[in-house]
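Peer 1:
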Amino acid sequence: MKQRGRHRRRRRGRALRAALTGAALALTGAATLISASQATVADDPGTLKPLTSAADTDALRLTERRVPAEWLDRLSAAMGDPVGVDTVLDSADRTLRDGADCTAGERESLPVSPAATRAYCWDEADTDGWRPGAVTTSGEAEEDGRWAGHRVILSAWSLDDGTPQGGLARVSFVNADDPGRLGYTSALLAVPVDGGHDYRGLASPVTGMVWYQDKLLVTAGAGDRDALYVYDVQRIQRATTAADAVGRVPGGWAAGGHRYVLPAIASYRLPDTDDAARPGAISLDRGTTPDSLVASEHVDADGDRPTRLWRYALRPTTDAERGGLPVTDPTGHVNAVEAYETGAAEVGGVLSYHPPGTARTDWYLGRAAGGQDGRGTLWRQDREGARASECGADRSQQCWSGPAGSLSYSARTGEVWSQSGRMLFALPLSSIEDALD
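Below you can see the structure in the form of structure tokens.
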């Protein structure tokens, strides 16, 4: 029986590789036609320019706001003891489809070069009316790549209610222990209110998300003074009713129809200035000391200013009370420890990486198609220059996923995870480096 199971997985693996290879070949031709018929939007962003003046770095400073512990305890007392990630995974009631079983239309959002080596598509019925957001994994949370013994992927979604800020936001917990069968269920993101007697939904598109230790950091969209919200994955609460409402309802607690709800434990507020930098994409960098949270902002292709990239230091695991949170100064401010300007616009994903044996830091930027329909571009940039991946007979640079999503790197497996449309996909960082070299 085990041998037959292995044969089935091998056949499915060959089918997936064939499907992805075919899709890549077809999309390479499409990228050539697109680039021949429209002007390129992948202009060279040049070198990274360091930002060191107080006027520049003050715009990156955040102010910490902790949710009082008694608020969280009050919610737990009313809703029941919190549950862990393993409990959520055990209740998975939906399954992602393998890339080989996804439609050609769904696979169009996959990158052409470098190509995905693993791909899955979300349940259409479950995601209808929801916009895909950021991705993070247990490979960021823990150095061994597992949480409570599981390989886990977290995927953010926001309800598309026709407004720029979006409606509710949720996170899907994916059990990735078996690459051939990814089951998942979702939890609503919430913010405690009324002294912990109630909660409201987080109304924001989650374009950036990082899971570090037991903390989940997510970005908040325009219209919210808070730039980041923080959740504790050990404080997941069960909803007691399947009602579409959010918060306390007659007879119990509702989470917009979801089984679980995550109440925020902290948030980080932007400076009250016109030039304040709102994190749009974020990722984790374990190559710094201490580990750091990397951020980029979103600037439109027709914007009149550069895009800023920066990082905040994170507290280590040894800090029992505040481990996993950004480092604050004595006044409660979070200051950037490194910052740059780049000529790249429409940045949808950011990653910083330190190649072994070198003193340099590479910044990888996934860029959307400049406000146009079509494929994005993937750049590697540092203080000496920039280079994009290429594809097609005319060496088009429009080879990345469209639209470009967040980037999450797991040092344990060497994989980078991202999401575009209804496709969740992974590829080795080494293949990204090869494509850029």
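In mature numbering (1 follows the signal peptide of the UniProt record, and there is no 0), the protein residues as written are -42 to -1, 1 to 395.
C-beta atoms are modelled at their ideal positions from N, C-alpha and C, and glycine is treated no differently.
Please read these numbers as outputs of a predicted model, since none were measured by experiment.
List the endpoints of the continuous alpha helix (DSSP H) containing L33.
Peer 2: Where L33 is concerned, the enclosing alpha helix (DSSP H) stretches over A27 to M37.
Peer 1: What separation, rounded to the nearest whole angstrom, lies between the Cα atoms of R280 and V149?
Peer 2: Between R280 and V149, the C-alpha separation is close to 19 angstroms.
Peer 1: Helix or strand or just coil, what does DSSP make of T85?
Peer 2: It is helical.
Peer 1: Alpha carbon to alpha carbon, what distance is there between A106 and R196?
Peer 2: Taking the straight line from one Cα to the other gives about 19 angstroms.
Peer 1: Residues in its own chain within less than 7 angstroms of R(-26) by CB, not counting five upstream and five downstream?
Peer 2: Confidence at R(-26) is low in this model, with a pLDDT of 49, below 50, so the placement of that residue is unreliable and no value is reported for it.
Peer 1: Just reading off the beta strand (DSSP E) that L382 is part of, what are its end residues?
Peer 2: M381 to P386 is the span of the beta strand (DSSP E), which, as asked, contains L382.
Peer 1: Can you tell me whether G324 is helix, strand or coil according to DSSP?
Peer 2: Strand at G324.
Peer 1: Are the Cβ atoms of G261 and V164 separated by less than 8 angstroms?
Peer 2: No, these two residues do not count as a Cβ contact at 8 angstroms.
Peer 1: Any chance you could list the alpha helix (DSSP H) runs of at least 4 consecutive residues sitting entirely within the region 67 to 142, in chain order?
Peer 2: Counting whole runs of 4 or more residues, the region 67 to 142 contains the alpha helix (DSSP H) stretches 82 to 85 and 96 to 99.
Peer 1: Where do the N-terminal and C-terminal ends of the alpha helix (DSSP H) with V41 fall, by residue?
Peer 2: Unbroken run through V41: none, as it is neither H nor E.
Peer 1: Once the 5 residues before and after E255 are set aside, which same chain residues still bring their CB inside 7 angstroms of it?
Peer 2: The residues are A235, R236, P237, G238, T265 and R266.
Peer 1: Looking only at its own chain, which residues have a Cβ that is under 7 angstroms from the Cβ of D16, when we skip the five neighbours before and after it?
Peer 2: Counting only Cβ-Cβ distances below 7 angstroms, and skipping sequence neighbours, we find P229.
Peer 1: Would you check if there are 3 or more beta carbon pairs closer than 8 angstroms linking the region 208 to 226 to the region 152 to 164?
Peer 2: Verdict: yes, contact present.
Peer 1: Taking the alpha carbon of N293 as the point to measure from, which residue in S241, A13 and S366 has its own alpha carbon closest?
Peer 2: It is A13.
Peer 1: With respect to the alpha helix (DSSP H) encompassing D14, which residues constitute its N-terminal and C-terminal limits?
Peer 2: Per DSSP, D14 belongs to the alpha helix (DSSP H) from A12 to T15.
Peer 1: What is the rounded straight-line gap between the Cα of L336 and the Cα of V374?
Peer 2: Distance between the alpha carbons of L336 and V374 is about 13 angstroms.
Peer 1: For P3 and A327, which I take to be in contact (beta-carbon distance under 8 angstroms), what is that distance rounded to the nearest angstrom?
Peer 2: In fact, because the Cβ distance is near 15 angstroms, the residues do not count as touching under 8 angstroms.
Peer 1: In the structure shown, what three-state DSSP assignment does G57 receive?
Peer 2: Helix, per DSSP.
Peer 1: Between A200, R206 and G125, which lies nearest to D182 when the distance is taken from Cα to Cα?
Peer 2: That would be G125, whose Cα lies nearest to the Cα of D182.
Peer 1: Going by DSSP, what residue range makes up the alpha helix (DSSP H) through G63?
Peer 2: Segment A62 to R65, the alpha helix (DSSP H) holding G63.
Peer 1: Only counting the same chain, and skipping five residues up and downstream in sequence, which positions put a Cβ closer than 8 angstroms to that of G(-14)?
Peer 2: Confidence is the limiting factor: at G(-14) the pLDDT is only 42, short of 50, which leaves the residue's position unreliable, though a coordinate-based value still follows. So the qualifying residues of the chain are G350.
Peer 1: Could you please give me the residues that DSSP links to S225 through a beta bridge?
Peer 2: DSSP, once it has assigned bridges, lists R23 and Y187 as partnering S225.
Peer 1: The beta strand (DSSP E) with T265 in it runs from where to where?
Peer 2: Its beta strand (DSSP E) spans residues T265 to A271.
Peer 1: Near A(-28), which residues of its chain fall below 7 angstroms by C-beta distance, leaving aside the five closest residues on each side in sequence?
Peer 2: Model confidence at A(-28) stands at a pLDDT of 49, short of 50, so the residue's coordinates are unreliable; what they give is reported in the following sentence. Closer than 7 angstroms at Cβ, skipping near neighbours: A58.
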